[in-house]
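Right, one structure below, let's go through it.
Number of protein chains: 2
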Amino acid sequence: MSLADYVIRKASQAKAAARLLATVPTAVKNEALLAMADALEAREAELLEANKKDVAAAGGLTKAAIDRLTLNTKRVTEMAAGLREIAALPDPIGEVTKVWQRPNGMTVSRVRVPIGVIGIIYESRPNVTADAASLCLKSGNAVVLRGGSEAIQSNAAIVKVLAEAGEKHGIPAGAVTFIDNPDRQVSTLLLKQDKLIDLIIPRGGEGLMQFVVKESTIPVIKHDKGVCHTYVDDKADLAMAAAVCFNAKVQRPGTCNAMETLLVHQAVAPAFLPPLIARYREAGVEVRGCPRTVALAPGVKPAADSDWGAEFLDLILAVRVVDDMEQAMEHIARHGSQHSEAIVTRDQERATRFLNEVDAAAVFHNASTRLHDGYQFGLGAEIGISTTRIHARGAMGLEELTSSKFVVRGTGQLRE
Amino acid sequence: MSLADYVIRKASQAKAAARLLATVPTAVKNEALLAMADALEAREAELLEANKKDVAAAGGLTKAAIDRLTLNTKRVTEMAAGLREIAALPDPIGEVTKVWQRPNGMTVSRVRVPIGVIGIIYESRPNVTADAASLCLKSGNAVVLRGGSEAIQSNAAIVKVLAEAGEKHGIPAGAVTFIDNPDRQVSTLLLKQDKLIDLIIPRGGEGLMQFVVKESTIPVIKHDKGVCHTYVDDKADLAMAAAVCFNAKVQRPGTCNAMETLLVHQAVAPAFLPPLIARYREAGVEVRGCPRTVALAPGVKPAADSDWGAEFLDLILAVRVVDDMEQAMEHIARHGSQHSEAIVTRDQERATRFLNEVDAAAVFHNASTRLHDGYQFGLGAEIGISTTRIHARGAMGLEELTSSKFVVRGTGQLRE
Numbered sequence: 001m002s003l004a005d006y007v008i009r010k011a012s013q014a015k016a017a018a019r020l021l022a023t024v025p026t027a028v029k030n031e032a033l034l035a036m037a038d039a040l041e042a043r044e045a046e047l048l049e050a051n052k053k054d055v056a057a058a059g060g061l062t063k064a065a066i067d068r069l070t071l072n073t074k075r076v077t078e079m080a081a082g083l084r085e086i087a088a089l090p091d092p093i094g095e096v097t098k099v100w101q102r103p104n105g106m107t108v109s110r111v112r113v114p115i116g117v118i119g120i121i122y123e124s125r126p127n128v129t130a131d132a133a134s135l136c137l138k139s140g141n142a143v144v145l146r147g148g149s150e151a152i153q154s155n156a157a158i159v160k161v162l163a164e165a166g167e168k169h170g171i172p173a174g175a176v177t178f179i180d181n182p183d184r185q186v187s188t189l190l191l192k193q194d195k196l197i198d199l200i201i202p203r204g205g206e207g208l209m210q211f212v213v214k215e216s217t218i219p220v221i222k223h224d225k226g227v228c229h230t231y232v233d234d235k236a237d238l239a240m241a242a243a244v245c246f247n248a249k250v251q252r253p254g255t256c257n258a259m260e261t262l263l264v265h266q267a268v269a270p271a272f273l274p275p276l277i278a279r280y281r282e283a284g285v286e287v288r289g290c291p292r293t294v295a296l297a298p299g300v301k302p303a304a305d306s307d308w309g310a311e312f313l314d315l316i317l318a319v320r321v322v323d324d325m326e327q328a329m330e331h332i333a334r335h336g337s338q339h340s341e342a343i344v345t346r347d348q349e350r351a352t353r354f355l356n357e358v359d360a361a362a363v364f365h366n367a368s369t370r371l372h373d374g375y376q377f378g379l380g381a382e383i384g385i386s387t388t389r390i391h392a393r394g395a396m397g398l399e400e401l402t403s404s405k406f407v408v409r410g411t412g413q414l415r416e
Numbered sequence: 001m002s003l004a005d006y007v008i009r010k011a012s013q014a015k016a017a018a019r020l021l022a023t024v025p026t027a028v029k030n031e032a033l034l035a036m037a038d039a040l041e042a043r044e045a046e047l048l049e050a051n052k053k054d055v056a057a058a059g060g061l062t063k064a065a066i067d068r069l070t071l072n073t074k075r076v077t078e079m080a081a082g083l084r085e086i087a088a089l090p091d092p093i094g095e096v097t098k099v100w101q102r103p104n105g106m107t108v109s110r111v112r113v114p115i116g117v118i119g120i121i122y123e124s125r126p127n128v129t130a131d132a133a134s135l136c137l138k139s140g141n142a143v144v145l146r147g148g149s150e151a152i153q154s155n156a157a158i159v160k161v162l163a164e165a166g167e168k169h170g171i172p173a174g175a176v177t178f179i180d181n182p183d184r185q186v187s188t189l190l191l192k193q194d195k196l197i198d199l200i201i202p203r204g205g206e207g208l209m210q211f212v213v214k215e216s217t218i219p220v221i222k223h224d225k226g227v228c229h230t231y232v233d234d235k236a237d238l239a240m241a242a243a244v245c246f247n248a249k250v251q252r253p254g255t256c257n258a259m260e261t262l263l264v265h266q267a268v269a270p271a272f273l274p275p276l277i278a279r280y281r282e283a284g285v286e287v288r289g290c291p292r293t294v295a296l297a298p299g300v301k302p303a304a305d306s307d308w309g310a311e312f313l314d315l316i317l318a319v320r321v322v323d324d325m326e327q328a329m330e331h332i333a334r335h336g337s338q339h340s341e342a343i344v345t346r347d348q349e350r351a352t353r354f355l356n357e358v359d360a361a362a363v364f365h366n367a368s369t370r371l372h373d374g375y376q377f378g379l380g381a382e383i384g385i386s387t388t389r390i391h392a393r394g395a396m397g398l399e400e401l402t403s404s405k406f407v408v409r410g411t412g413q414l415r416e
């Protein structure tokens with residue numbers, strides 16, 4: 001079989017499953033998700049064994065990458081818990097989001113339906129396999145999973161366990177389809193199947209995003225980088241500002257919603273920055289400052305031009321003292337990635353202006369950018385944080401994995 | 001200047017305008033739209049003169065294409081009326097679609113914001129220029145217009161009038177950007193500007209759709225073909241069914257929501273089809289039937305295999321007698337384009353099953369597929385009918401030209 005035939009066969013299986021899955025009742029989907037969770041735990045040994053092969057073959061990877069790749073009892077338990085949480089969430093499918101009557105007497109309603117087949121292209125972490133499969137399944141979508149080649153044994157084992165448990169509980173075969181051929185050409189071919197796959201969600205680094213956007217003839221929702229800023233206003237509660245800024249940088253620096261640049265109003269910088277920078281240093285944060293910052297906190301490394309707008313994903317922070325909120329907003333417009341942006345101030349008018357005028361998927365007043373997250377927002381679960389402006393922007397929950405359908409009920413209405 | 005520089009300069013103008021336009025107040029946008037409408041009427045002579053040049057140059061076009069291209073007083077008046085209608089519609093920007101509080105005390109709201117820069121790539125009709133520009137403007141988006149080369153003089157004149165009137169009334173320069181270089185390579189280059197353009201909406205035939213989907217690295221909302229069916233059940237009110245089926249085919253056959261195939265339950269076909277087919281013939285409709293249809297209505301041309309699933313866009317109709325609703329739904333799943341599908345029946349249970357199980361952007365019970373339209377649905381105006389499953393499916397109004405933003409108001413909330 002040629003690679004093209006292989007890809008078409010896989011995507012066709014998913015499409016056939018999607019048609020059946022669209023009308024599978026909520027109770028069946030939930031029971032299947034619970035059975036899948038049980039199966040992951042019951043067959044942990046199989047998963048760990050497959051994972052060992054991946055880890056053994058992971059010669060050239062960094063320590064951090066090997067850590068992301070590695071499965072253990074705790075991680076399998078977390079995957080199972082994730083599936084049970086998704087089973088407990090309300091089913092978005094069939095929800096009537098709006099209903100209205102027209103002057104000609106016909107009733108129009110808008111109903112949530114599945115998108116169809118969703119392709120997930122991701123890098124090393126095997127837990128994405130279970131997360132993405134369960135979110136797609138709950139929202140009535142078939143999924144085609146294309147994971148990183150370094151996790152192929154682990155991913156194949158997870159999908160085998162999920163699919164077997166699902167099929168025993170009424171989920172059509174093909175609903176969770178795994179691409180088990182690691183050939184890079186397969187991704188390129190997959191991205192051309194616009195008759196069979198309805199949406200591509202890439203999860204990974206910038207190289208992957210660019211590759212997918214360039215090659216895909218299927219709509220793409222990107223989960224791209226976050227260059228997030230916090231602006232501390234001269235009207236800020238400085239104790240609150242310090243807590244928010246510390247949290248936004250340090251709580252988990254490797255995530256897309258962590259703060260990368262701190263902007264501080266010149267009037268409060270002398271009081272605010274030196275103690276906060278000392279606290280950052282204790283936590284191992286490398287601070288790179290503008291000249292005014294360096295003058296206030298001797299020993300701070302001068303920031304290079306490339307530090308503004310950099311996504312460090314690490315314990316590194318750029319700090320700039322700004323003249324006023326205006327200059328902070330200009331800095332954000334120029335260097336931000338429209339992901340998550342925050343202001344700390346007690347001035348409601350300024351806060352409102354910042355929230356209105358700063359263009360980002362999420363804007364925060366007096367809160368940490370780290371809160372930009374499906375769970376934190378109460379969406380129940382998330383497939384990621386979209387940096388695409390259409391369909392779903394920011395944290396994406398189950399509702400964002402649906403499409404819609406107009407349902408019109410008439411009594412013989414015609415177009416005049 | 002190279003073509004690439006030309007395209008980047010145009011798209012950059014639009015992006016700069018988009019940032020300003022996002023916060024232009026509703027009253028300013030509405031006043032500008034009214035001024036633009038007035039200007040179109042006041043400068044009609046300019047528009048007609050430019051249009052004459054296009055028509056004179058339109059050597060190889062069909063009569064229908066020349067008709068679509070031609071402007072006259074009536075069409076200019078209609079364009080102006082369209083702008084005034086859009087001025088009267090509610091502004092979607094700033095609308096809070098949802099607001100909720102989290103257990104940690106922070107308030108999350110979801111607010112409509114503009115998408116940013118929308119590229120419209122379209123074929124001959126110059127009225128699209130005014131329609132698309134005004135819908136984008138009202139929804140706070142800058143627009144890059146790339147019309148067909150055969151209408152370039154007309155489109156340039158329309159944009160000149162709109163932009164001059166708009167700029168006098170507070171609309172930033174570049175908000176309506178026109179691509180005045182007819183080189184085909186310009187479209188290809190435009191479709192790669194994913195840092196400057198946020199969404200592409202192609203309007204035209206299948207060749208254009210395929211070109212755009214293949215070349216674009218920008219998200220695309222397709223307005224693709226409609227292969228629409230009406231199924232007449234044995235429990236139908238046959239008089240209503242005849243009226244609905246006549247309307248769906250004849251009222252305006254060249255549109256994407258016109259019926260292309262009629263499916264009739266075998267039990268009512270003998271009573272239903274002969275008089276309806278006679279009526280179709282009187283209206284100039286060429287009927288192409290399955291063997292059972294031909295047996296019922298002698299003289300009907302036998303349908304070829306390629307007639308099932310064909311988008312005729314003309315006074316041609318394929319007719320098939322089916323065993324039951326099951327077979328009708330199978331036919332639709334196999335040959336439909338998931339655009340607009342209808343059932344006529346008095347049986348509520350069957351209607352519900354059809355509406356639930358048939359996969360289409362709009363499904364109708366006892367109504368004509370021709371009603372799938374933004375105006376008919378009460379969306380106020382439409383940019384077209386999306387056949388893409390993400391972002392907006394089916395008739396797209398102003399709300400579908402928006403993105404969203406999470407706005408979080410806190411009191412110092414942190415990620416634990």
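First to last, the protein sequences are chains A and B. Numbering of the first sequence is given in the numbering used here, commencing with residue 1 and proceeding in unit increments. Numbering of the second sequence is given in the numbering used here, commencing with residue 1 and proceeding in unit increments. The C-beta atom is built at its ideal place from N, Cα and C for all residues, glycine as well.
| query | result |
| --- | --- |
| Closer than 7 Å at the beta carbon, the chain B residues around residue 404 of chain A | 393 |
| Spatial distance of residue 306 of chain B from residue 289 of chain B (CA atoms) | 12 Å |
| Test: residue 240 of chain B CB closer than 8 Å to a CB of chain A | yes |
| Contact set for residue 63 of chain B: own chain, Cβ-Cβ below 8 Å, skip 5 residues either direction | none |
| Cβ contact (3+ pairs, closer than 8 Å) linking the stretch 168 to 183 of chain A and the stretch 11 to 29 of chain A | yes |
| Chain B contact residues for residue 106 of chain A, given Cβ-Cβ distances below 8 Å | 367 and 371 |
| C-beta neighbour in chain B for residue 376 of chain A, strict 8 Å | yes |
| For residue 297 of chain B, the nearest candidate out of B:70, B:71 and B:319 (CA to CA) | B:319 |
| Integer Cβ distance of residue 327 of chain A from residue 106 of chain A, believed to fall under 8 Å | Contact doesn't hold; Cβ gap of about 54 Å is too wide. |
| Residues bridged to residue 405 of chain A [DSSP beta-bridge criterion] | A:111 |
| Chain A contacts made by the stretch 195 to 225 of chain B, where a contact means CB separation under 8 Å | 198, 199, 213, 214, 217, 219, 220 and 221 |
| Span separating the alpha-carbon of residue 202 of chain B from that of residue 122 of chain B | 6 Å |
| Residue 308 of chain B: contacting residues in chain A (beta-carbon distance under 9 Å) | Neighbours of residue 308 of chain B on chain A: none; closest Cβ ~18 Å, over 9 Å. |
| With 16 other Cβ atoms within 10 Å as the buried cut-off, status of residue 100 of chain B | exposed |
| Proximity test, Cβ basis, 8 Å: residue 354 of chain B and chain A | no |
| Whole runs of the beta strand (DSSP E) within the stretch 31 to 113 of chain A, excluding any shorter than 3 residues | 96 to 101 |
| Top-ranked residue by Cα proximity to residue 344 of chain B, from B:360, B:353 and B:367 | B:367 |
| Three CB pairs or more closer than 8 Å across the stretch 213 to 230 of chain B and the stretch 43 to 57 of chain B | no |
| Simplified DSSP state of residue 288 of chain A, which is helix, strand or coil | strand |
| Residue 335 of chain A: first and last residue of the uninterrupted alpha helix (DSSP H) it sits in | 325 to 335 |
| Neighbourhood of residue 447 of chain B by C-beta, 8 Å cutoff - its chain only, sequence neighbours within 5 removed | Coverage of chain B is limited to positions 1 through 416, which leaves residue 447 of chain B absent and any answer about it impossible. |
| Buried versus exposed call for residue 226 of chain B [16 or more other C-beta atoms within 10 Å across all chains shown] | buried |
| Option in B:102, B:156 and B:238 with minimal Cα separation from residue 182 of chain B | B:156 |
| Distance, residue 160 of chain B Cα to residue 408 of chain A Cα | 41 Å |
| Status (buried if at least 16 other CB within 10 Å, exposed otherwise) for residue 299 of chain B | exposed |
| Whole-number beta carbon distance between residue 116 of chain A and residue 194 of chain A, since they are thought to touch under 8 Å | At roughly 11 Å, the Cβ-Cβ gap does not stay under 8 Å, so residue 194 of chain A and residue 116 of chain A are not in contact. |
| Residue 113 of chain A versus A:152, A:44 and A:26, residue with shortest Cα-Cα distance | A:26 |
| Whether residue 164 of chain B touches residue 58 of chain B by CB criterion (8 Å) | no |
| Interface flag, residue 357 of chain B vs chain A, CB-CB below 8 Å | yes |
| Exposed unless 16 or more other CB atoms sit within 10 angstroms - verdict on residue 338 of chain B | buried |
| Cβ pair count under 8 Å reaching 3, the stretch 396 to 405 of chain A against the stretch 131 to 141 of chain A | yes |
| Segment contact flag, the stretch 273 to 291 of chain A with the stretch 371 to 385 of chain A, C-beta cutoff 8 Å, min 3 pairs | no |
| Residue range of the unbroken beta strand (DSSP E) whose run includes residue 178 of chain A | 176 to 178 |
| Cβ pair residue 222 of chain B, residue 73 of chain B closer than 8 Å | no |
| Boundaries (first-last residue) of the alpha helix (DSSP H) holding residue 124 of chain B | Premise fails: residue 124 of chain B is in no alpha helix (DSSP H) and is neither H nor E. |
| Pair within 8 Å by beta-carbon distance, residue 254 of chain A and residue 313 of chain A | yes |
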